[in-house]
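Undergrad:
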Amino acid sequence: MRKNIVAGNWKMNNDLAQTEELITELKNQTKTSNAEVMIAPTFTNLWHSFESLRQDDIEVVAQNMHFAENGAYTGEISASMLKSIGIKTVILGHSERRAYFNETDESLAKKVDAALAHKMRTIFCFGEELADRKAGNEEAVVGGQIKNALFHLGADAFKSIVLAYEPVWAIGTGETASPEQAQDMHAFIRKTLADKYGKDVADTVSILYGGSVKPANAQEIFSKPDVDGGLIGGAALNAEDFYAIVNAF
Ligand code: PGA
Numbered sequence: 043m044r045k046n047i048v049a050g051n052w053k054m055n056n057d058l059a060q061t062e063e064l065i066t067e068l069k070n071q072t073k074t075s076n077a078e079v080m081i082a083p084t085f086t087n088l089w090h091s092f093e094s095l096r097q098d099d100i101e102v103v104a105q106n107m108h109f110a111e112n113g114a115y116t117g118e119i120s121a122s123m124l125k126s127i128g129i130k131t132v133i134l135g136h137s138e139r140r141a142y143f144n145e146t147d148e149s150l151a152k153k154v155d156a157a158l159a160h161k162m163r164t165i166f167c168f169g170e171e172l173a174d175r176k177a178g179n180e181e182a183v184v185g186g187q188i189k190n191a192l193f194h195l196g197a198d199a200f201k202s203i204v205l206a207y208e209p210v211w212a213i214g215t216g217e218t219a220s221p222e223q224a225q226d227m228h229a230f231i232r233k234t235l236a237d238k239y240g241k242d243v244a245d246t247v248s249i250l251y252g253g254s255v256k257p258a259n260a261q262e263i264f265s266k267p268d269v270d271g272g273l274i275g276g277a278a279l280n281a282e283d284f285y286a287i288v289n290a291f
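This note's numbering applies: residue 43 is where the sequence shown begins, and numbers increase by one.
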């Protein structure tokens, strides 16, 4: 059985005081679903968040990391640095990283390798742009992103990989893929995995949807058979909204 996961990507939001406040509010929420819950605060607040949530059922994860072990990479953070403060999961390949920081399938493949070498779990993000979808190329683009960054891996690696389909046109825009569009793409992603690694592997990988998920639309999206959860941006900055989404399962 694959896991249901709801992960909040806080992006570059919340200073230390705001982080403390939001974590306190998250602790006051009640979880009624079986979903695994994660939050991804900014680097400077990871340690504090991890310590604050030590006893709670919320995993603190990183938004990014570098592929190198250490060295002359000013401004970057390594897998071992994350591991040393207790972080076990990292988001890689978010479309904002790809668009604004020139992350490519090749550099992401190296980051995934580094995460695996450190026994970290990866939430690997990908998704097509609006022009791709308008041209009917969304499956070719998504299939290419998955193959280029992940298909050098052995089947075993997929025990540590969660996929997150995030159509770029739906991120932070208020525009959501319809539940049917999400299901169609998730089924395609699972088939892409099955063709390469077999159905047993494909059936155990959680595939999250991301892009303007809100309390009002979460239930319908999560009801689709190949949607195993969500990567939540804006709505994760409000504790009640975030838990309404967590409890939408
Ligand atoms: P959004 O962001 O929910 O604000 O659209 C999703 C994401 O970027 O992961």
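All C-beta atoms, glycine included, are put in the ideal place defined by N, C-alpha and C.
Keep in mind it's a predicted model, so treat the numbers as computed, not measured.
I want to know whether the region 253-268 touches the region 50-66 - three or more CB-CB distances under 8 Å.
TA: Cβ pair count under 8 Å is below three, so no.
Undergrad: Would you kindly check if the distance between the Cβ of Leu134 and the Cβ of Val154 is under 8 Å?
TA: Here the question's residue 154 lines up with position 112 in the sequence shown. Here the question's residue 134 lines up with position 92 in the sequence shown. For Val154 and Leu134, yes; Cβs fall inside 8 Å.
Undergrad: Which first and last residues belong to the alpha helix (DSSP H) in which Met227 is found?
TA: Translated into positions along the sequence shown, residue 227 becomes position 185. Element bounds for Met227: Pro221 to Tyr239.
Undergrad: According to DSSP, which residues form a beta bridge with Ala258?
TA: Counted from its first residue, the sequence shown places residue 258 at position 216. Answer by DSSP bridge pairing: none, since Ala258 is not bridged.
Undergrad: Using only alpha-carbon positions, find the residue among Phe193, Asn179, Gly275 and Met227 that is nearest to Met148.
TA: Position 106 of the sequence shown, counting from 1, holds the residue named residue 148. At residue 148 the sequence reads Glu, which differs from the Met that was named. Taking only the C-alpha atoms, the option nearest Glu148 is Phe193.
Undergrad: If I measure Cβ to Cβ from Ser122 and keep anything under 7 Å in the same chain, skipping five residues before and after, which residues do I get?
TA: For the purposes of this step, residue 122 is taken as residue 80 along the sequence shown, with counting starting at 1. Setting aside the 5 residues that flank it on each side, Ser122 is surrounded in the same chain by Glu111 and His160, each with a C-beta closer than 7 Å to its C-beta; the list follows chain order.
Undergrad: Taking DSSP's pairing of strands, which residues face Glu171 in a bridge?
TA: Sequence index remark: in the sequence shown, residue 171 carries index 129 (1-based). The partner list for Glu171 (beta bridge, DSSP) is empty, contrary to what the question assumes.
Undergrad: For the ligand PGA, is there a heavy atom less than 7 Å away from the beta-carbon of Ser254?
TA: Counting from 1 along the sequence shown, the entry for residue 254 is found at position 212. Yes, the ligand PGA has a heavy atom inside 7 Å of this Cβ.
Undergrad: Can you tell me which residues form a DSSP beta bridge with Val102?
TA: By one-based count along the sequence shown, residue 102 stands at place 60. According to DSSP, Val102 bridges with Ile81.
Undergrad: Mind checking whether the beta-carbon of Ile165 lies closer than 7 Å to any heavy atom of the ligand PGA?
TA: Here residue 165 corresponds to residue number 123 of the sequence shown, with the count starting at 1. No - the ligand PGA has no heavy atom lying nearer than 7 Å to the Cβ of Ile165.
Undergrad: Say the cut is 7 Å; is the CB of Ile274 nearer than that to a heavy atom of the ligand PGA?
TA: Looking up residue 274 in the sequence shown gives position 232. Yes.
Undergrad: Please list the terminal residues of the continuous beta strand (DSSP E) segment that includes Tyr285.
TA: Translated into positions along the sequence shown, residue 285 becomes position 243. Unbroken run through Tyr285 is the alpha helix (DSSP H), Ala281 to Val288; no beta strand (DSSP E).
Undergrad: Can you round the beta-carbon distance between Ala181 and Gly253 to whole angstroms, since I take them to be within the 8 Å contact cut?
TA: Position 139 of the sequence shown, counted from the start, is the residue given in the question as residue 181. Position 211 of the sequence shown, counted from the start, is the residue given in the question as residue 253. A quick correction: the sequence has Glu, not Ala, at residue 181. The pair is not a contact, with the Cβ atoms about 17 Å apart (cut-off 8 Å).
Undergrad: Are there 16 or more other CB atoms within 10 angstroms of the CB of Glu43, so buried, or fewer, so exposed?
TA: As a working mapping, residue 43 is identified with position 1 in the sequence shown. Here residue 43 turns out to be Met, not Glu, going by the sequence shown. Met43 is exposed by the Cβ-count criterion.
Undergrad: Write down the C-beta distance between Leu250 and Ala49 rounded to the nearest angstrom, noting that I regard them as a contact closer than 8 Å.
TA: Walking along the sequence shown from the start, residue 250 turns up at place 208. Walking along the sequence shown from the start, residue 49 turns up at place 7. Indeed, because the Cβ distance is near 7 Å, the residues count as touching under 8 Å.
Undergrad: State buried or exposed for Ser220, treating a residue as buried only when at least 16 other CB atoms are found within 10 Å of its CB.
TA: Counted from its first residue, the sequence shown places residue 220 at position 178. Flag for Ser220 reads exposed.
Undergrad: On the premise that Gln105 lies in contact with Thr84, defined as a C-beta separation below 8 Å, what is that separation, rounded to the nearest angstrom?
TA: Taking the sequence shown and counting its residues from 1, one reaches residue 84 at position 42. Taking the sequence shown and counting its residues from 1, one reaches residue 105 at position 63. That pair is a contact at about 7 Å.
Undergrad: Apart from the five residues just before and just after Gly216, which ones in its own chain have a Cβ nearer than 7 Å to its Cβ?
TA: On the sequence shown, residue 216 is found 174 positions in, with the first residue counted as 1. Here the set comprises Ser254.
Undergrad: At what residues does the beta strand (DSSP E) containing Gly271 begin and finish?
TA: Residue mapping note: residue 271 aligns to position 229 of the sequence shown, counting from 1. Gly271 -> beta strand (DSSP E) spans Gly271 to Ile274.
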